[in-house]
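Single-structure report; data block below.
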Amino acid sequence: RKEVEQDPGPFNVPEGATVAFNCTYSNSASQSFFWYRQDCRKEPKLLMSVYSSGNEDGRFTAQLNRASQYISLLIRDSKLSDSATYLCVVNPLDFGNEKLTFGTGTRLTIIP
Amino acid sequence: DVKVTQSSRYLVKRTGEKVFLECVQDMDHENMFWYRQDPGLGLRLIYFSYDVKMKEKGDIPEGYSVSREKKERFSLILESASTNQTSMYLCASSRLSGYTFGSGTRLTVV
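Chains as they are written, first to last, in the numbering used here: chain A, 153 to 264; chain B, 4 to 113.
Written out as structure tokens, the structure reads:
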């Protein structure tokens, strides 16, 4: 089983729609969770951290379910500029507190 | 604005060559990482370092080595490049949660 699993997509979603991605992780001791965004031919960039209580940043909402070991990302009122690959990232605490494990990403395309 | 700079955006090297990929960060971060990214496989950790002159193997260290003589610089070395090392190489640094990545080096080994 992969440490971090994501549906690779692609998700093709009309502009203005709501879209949600899930990601599962295998290490129940994991402590830190993140969503990164990667545009085509660019480096990944931190989108948001994911906290146990859930967190929201504008149109983006991230949630963590420790019991089921999954995290989610919800994008409301999607924009064309949201088209990207979204990477689910987990800190498995194998080495200190900074070694991150990346999912393979979910590709999202917003359609005009 | 914080920065991680990778010395080359694109590189083409011949099989058997020794290849150096350089990464410099200006954020005074202790932690630095080298990943490679391949379609369908995502980002895989090659090596990382928590301090000067310190290095730890990641998930796929075979065929690679690293050097960290100064805090701001973390170099990835391909001792004898092979075609299966054709990939996008990403350097990152961090102190607390979250990485800052360089813009990547796309290496082609022919």
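Virtual Cβ for every residue (Gly too), placed ideally from N, Cα, C.
Neighbourhood of B:Asp41 by C-beta distance below 8 Å, restricted to the same chain and skipping five residues each side: Counting from one through the second sequence, the residue named residue 41 of chain B turns up at place 38. Only Arg47, Ser90 and Met91 meet the Cβ criterion.
Contact between the segment 218 to 234 of chain A and the segment 164 to 176 of chain A (3+ Cβ pairs under 8 Å): Cβ pair count under 8 Å is three or more, so yes.
Nearest neighbour of B:Val55, chosen from B:Glu72, B:Ser97, B:Arg109 and B:Thr111 [CA to CA]: By 1-based counting over the second sequence, the position of residue 55 of chain B is 52. For the residues B:Glu72, B:Ser97, B:Arg109 and B:Thr111, the minimum Cα distance to B:Val55 belongs to B:Glu72.
Classification of A:Thr258 by the beta-carbon crowding that lies within 10 angstroms, buried from 16 upward: Here residue 258 of chain A refers to the residue found at position 106 of the first sequence. Buried.
Under 9 Å between C-beta atoms of B:Arg28 and B:Thr103: Within the second sequence, residue 28 of chain B is the residue found at index 25, counting from 1. Within the second sequence, residue 103 of chain B is the residue found at index 100, counting from 1. One detail in the question is off: residue 28 of chain B reads as Gln in this sequence, not Arg. In contact: B:Gln28 and B:Thr103 (Cβ atoms closer than 9 Å).
Contact with chain B by A:Phe173, beta-carbon distance below 9 Å: Translated into positions along the first sequence, residue 173 of chain A becomes position 21. No, A:Phe173 does not count as interfacial toward chain B.
Contact check, B:Met30 vs B:Ser52, beta carbons under 9 Å: As a working note, residue 30 of chain B is residue 27 in the second sequence. As a working note, residue 52 of chain B is residue 49 in the second sequence. No; because the gap between Cβ atoms is not below 9 Å, this pair is not in contact.
Partners in chain B for A:Phe186, counting only beta-carbon separations shorter than 7 Å: Numbered from its first residue, the first sequence carries residue 186 of chain A at position 34. The CB of A:Phe186 comes closer than 7 Å to the CB of Gly101 in chain B, given here in chain order.
Proximity of A:Gln221 and A:Ser184 at Cβ, strictly below 9 Å: As a position in the first sequence, residue 221 of chain A is number 69, starting the count at 1. As a position in the first sequence, residue 184 of chain A is number 32, starting the count at 1. Not a contact, by the Cβ cut-off of 9 Å.
Short-range partners of chain B found in the segment 196 to 217 of chain A, where Cβ spacing is below 9 Å: Pro196, Lys197, Leu198 and Ser201
Buried versus exposed call for A:Leu252 [16 or more other C-beta atoms within 10 Å across all chains shown]: Translated into the one-based positions of the first sequence, residue 252 of chain A becomes position 100. Under this definition A:Leu252 is a buried residue.
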